[in-house]
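Note that UniProt numbering numbers the sequence shown so that position 91 is 91, with each residue one more than the last.
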Amino acid sequence: MKRTRETLSVAQALALFHELNEGESDGGELSDFNLDSSDEDDYLDKDWEPAARRSETTAGTAVFPSVRAEELESVEVEDAPAPVTLQGKDGTVWTTLHPGGRQTGRQQSQNVLKEAAGPVAEVRHSIKDAESAFLALLDLNLLCRIRDCSVAEAHRVDPDAAWELSLAELKAFIALLYVRGAYNKSLEMESLWSEEWGLPFFRSTMARNKYREIMRYLRFDLKEDRQARLSLDRFALVSDVWKGFVANCVHCYKPGPNITVDEQLFPSKTRCPFTQYMANKPDKFGIKFWIAADVDTKYFLHGSPYLGKDPSRPVGQRLGESVVMSLMEPYLDKGRNVTVDNFFTSLSLAKRLLGRNTSLVGTMNASRRELPPSVQNNEELYSTRVFAHDRATLTVYQAKRKKTVSVLSTMHQAVSTRSDLKKKPETTTSPRQCTGSSISRRDFILELAKQLREDYLSSKSKPAQLPPLSPPHPEVQAKRRQCQVNRSCKQNKTAVTCSSCHRPVCGKCVERVKTLCPRCVEL
Numbered sequence: 001m002k003r004t005r006e007t008l009s010v011a012q013a014l015a016l017f018h019e020l021n022e023g024e025s026d027g028g029e030l031s032d033f034n035l036d037s038s039d040e041d042d043y044l045d046k047d048w049e050p051a052a053r054r055s056e057t058t059a060g061t062a063v064f065p066s067v068r069a070e071e072l073e074s075v076e077v078e079d080a081p082a083p084v085t086l087q088g089k090d091g092t093v094w095t096t097l098h099p100g101g102r103q104t105g106r107q108q109s110q111n112v113l114k115e116a117a118g119p120v121a122e123v124r125h126s127i128k129d130a131e132s133a134f135l136a137l138l139d140l141n142l143l144c145r146i147r148d149c150s151v152a153e154a155h156r157v158d159p160d161a162a163w164e165l166s167l168a169e170l171k172a173f174i175a176l177l178y179v180r181g182a183y184n185k186s187l188e189m190e191s192l193w194s195e196e197w198g199l200p201f202f203r204s205t206m207a208r209n210k211y212r213e214i215m216r217y218l219r220f221d222l223k224e225d226r227q228a229r230l231s232l233d234r235f236a237l238v239s240d241v242w243k244g245f246v247a248n249c250v251h252c253y254k255p256g257p258n259i260t261v262d263e264q265l266f267p268s269k270t271r272c273p274f275t276q277y278m279a280n281k282p283d284k285f286g287i288k289f290w291i292a293a294d295v296d297t298k299y300f301l302h303g304s305p306y307l308g309k310d311p312s313r314p315v316g317q318r319l320g321e322s323v324v325m326s327l328m329e330p331y332l333d334k335g336r337n338v339t340v341d342n343f344f345t346s347l348s349l350a351k352r353l354l355g356r357n358t359s360l361v362g363t364m365n366a367s368r369r370e371l372p373p374s375v376q377n378n379e380e381l382y383s384t385r386v387f388a389h390d391r392a393t394l395t396v397y398q399a400k401r402k403k404t405v406s407v408l409s410t411m412h413q414a415v416s417t418r419s420d421l422k423k424k425p426e427t428t429t430s431p432r433q434c435t436g437s438s439i440s441r442r443d444f445i446l447e448l449a450k451q452l453r454e455d456y457l458s459s460k461s462k463p464a465q466l467p468p469l470s471p472p473h474p475e476v477q478a479k480r481r482q483c484q485v486n487r488s489c490k491q492n493k494t495a496v497t498c499s500s501c502h503r504p505v506c507g508k509c510v511e512r513v514k515t516l517c518p519r520c521v522e523l
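Now the structure itself:
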């Protein structure tokens, strides 16, 4: 009968050693073993290798290898370094951990996404092309709002003007804005319609004067009740359209497991009380927005402008903490992770997010009061120190000789390090990078621009053609001769001749060509 391999616990093995007589041993002296419960528990907690296979005698009895009592008592198991307790300036207690371990077992609840990522079913079935995707975010209600406010502004400026704006014209205007941004043209607006330097797309889409008028009258609110709204909302000029756009962004798409929150400066030198100057940005002046985006797709999830001091923010609450909780509100309690920089990261924010089943990963300023002062000390190059407080871990990585990187995480309970030269910890390489998409952003914008102008072009009775920039000029000769028309002059000298009869004609006698629209040309 085949003998099976047995794995014995330490207590069972010691009991068998007591039962062995001296004849079955090597003659060494055995002493009594006294194992208390605490020692036994310590041994049972260790990871022991399976017991060695028993050697068989001729009689078939199992014999254990001989071991002296003194040798058993001298066997010691290597323990990890004893944890050290450190304290921050505000009394927060941190415990040192040994880096290099890997998290085992089930994922924690804050790391398990509880809904499918991607566009919602309603939007996924309605999107057919680039224009339908655009209208899912900036819907017809918002476009009508912009059109009505712009027309009202035109009539307020010039009550006698019969200026109107259709939705087709507004979409064509937006198409020109997209194309100008995609080509990154640094030309002035007038030159975009130039035959030599401009783009044919502009001249074939809309007249330059119409574009200029829309740009002049473009508004997002009504001026009649603006003052009353400004007393309650400093962003009142754009607030209604912006809130509608953000609501559509939240409704149409469910993000993946990782979300990032950061600031972005939209360049502008408009006259408003919350224009920012940021010297470290490519565009120094602009309006700063707080933005939450999906890490995998770079989809805009939520955003709000920075308007200065917010009176609704609780006293003592950091601005970064308030911003993150506000932007993440639609996506909390779903098992997602949010990644932020050191402006937002704090231990109180990590605890609040954990209470809403959301984890946090973010770089942290080493001078924060909740961190132990030893975090600011420089250690060996590429070394890693790990600290723990409740369910949060703090990783301190020596990236350079005089530079440390501190990362606070509630997603990683154990921090592993790479095996390469720099030995970067796992927390400094999270989250995952964007994997890209099947179509480039620039190509999508150009395709969207073509589709947005189609309604406006189809509304014209004649297909769009490149109109001449100026009426045809008569032929020019080098020699100056007297005018032979003599209608409004006294035989002035001229070098211009008529394009039809080739007679010299001066500037006073020349016939100017009137500007006609395509409909009048047909008549």
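Where a beta carbon is used, it is the ideal one built from N, C-alpha and C, also for glycine.
For the pair residue 492 and residue 207, the Cα-to-Cα distance works out to about 37 Å. With contacts defined by Cβ atoms closer than 8 Å, residue 176 and residue 143 do not form a contacting pair.
The DSSP-derived three-state label of residue 267 is strand. Per the C-alpha coordinates, the member of 367, 408, 328 positioned closest to residue 348 is 408. Pairing residue 329 with residue 288 gives a Cβ-Cβ distance that is not under 8 Å. In the three-state scheme derived from DSSP, where H, G and I count as helix and E and B as strand, residue 82 is classed as coil. Going by C-alpha positions, residue 153 is about 59 Å away from residue 398.
A distance below 8 Å between beta-carbons, with the five flanking residues on each side excluded, links residue 205 to the following residues of its chain, in chain order: 172, 175, 176, 453, 456, 457, 464. Comparing alpha-carbon positions, the option among 258, 345, 140 lying closest to residue 245 turns out to be 140. Cβ atoms of residue 387 and residue 95 come within 8 Å of each other, at about 7 Å.
Sequence-distant Cβ neighbours of residue 151 in its own chain, meaning closer than 8 Å and more than five residues away, are 163, 164, 165, 217. The Cβ-Cβ distance between residue 366 and residue 406 falls below 8 Å. Sequence-distant partners of residue 283 (beyond 5 residues in either direction) whose C-beta falls short of 7 Å from its own C-beta, in its chain, are 265, 267.
The Cβ atoms of residue 259 and residue 331 sit closer than 8 Å to each other. Residue 250 is not bridged by DSSP to any residue. Taking the Cβ atoms as the reference, residue 325 lies roughly 19 Å from residue 111, outside the contact range of under 8 Å. Per DSSP, the continuous alpha helix (DSSP H) segment holding residue 125 begins and ends at 121-126.
Secondary structure at residue 360: strand, using DSSP grouped into helix, strand and coil.
For the segment 327-355, the full-length beta strand (DSSP E) segments reaching 3 residues or more read 337-340 along the chain. Here the alpha carbons of residue 293 and residue 441 stand approximately 16 Å from one another.
Looking at the DSSP output, residue 398 bridges to 404.
If the five residues before and after residue 443 are omitted, its C-beta is found closer than 6 Å to no C-beta atom of its own chain.
Between residue 327 and residue 304, the C-beta spacing is below 8 Å. Annotation for residue 200: the continuous alpha helix (DSSP H) segment containing it runs 200-205. Counting only the Cα atoms, residue 226 lies some 10 Å from residue 235. The continuous alpha helix (DSSP H) containing residue 136 extends over residues 130-137. Within the same chain, and ignoring the five residues on either side of residue 269 in sequence, the residues whose Cβ sits closer than 6 Å to its Cβ are 285. DSSP places residue 89 in the coil class of the three-state scheme, outside both helix and strand.
Leaving aside the five residues that flank residue 248 on each side, the residues in its chain whose CB is nearer than 7 Å to its CB run, in chain order, 136, 137, 139.
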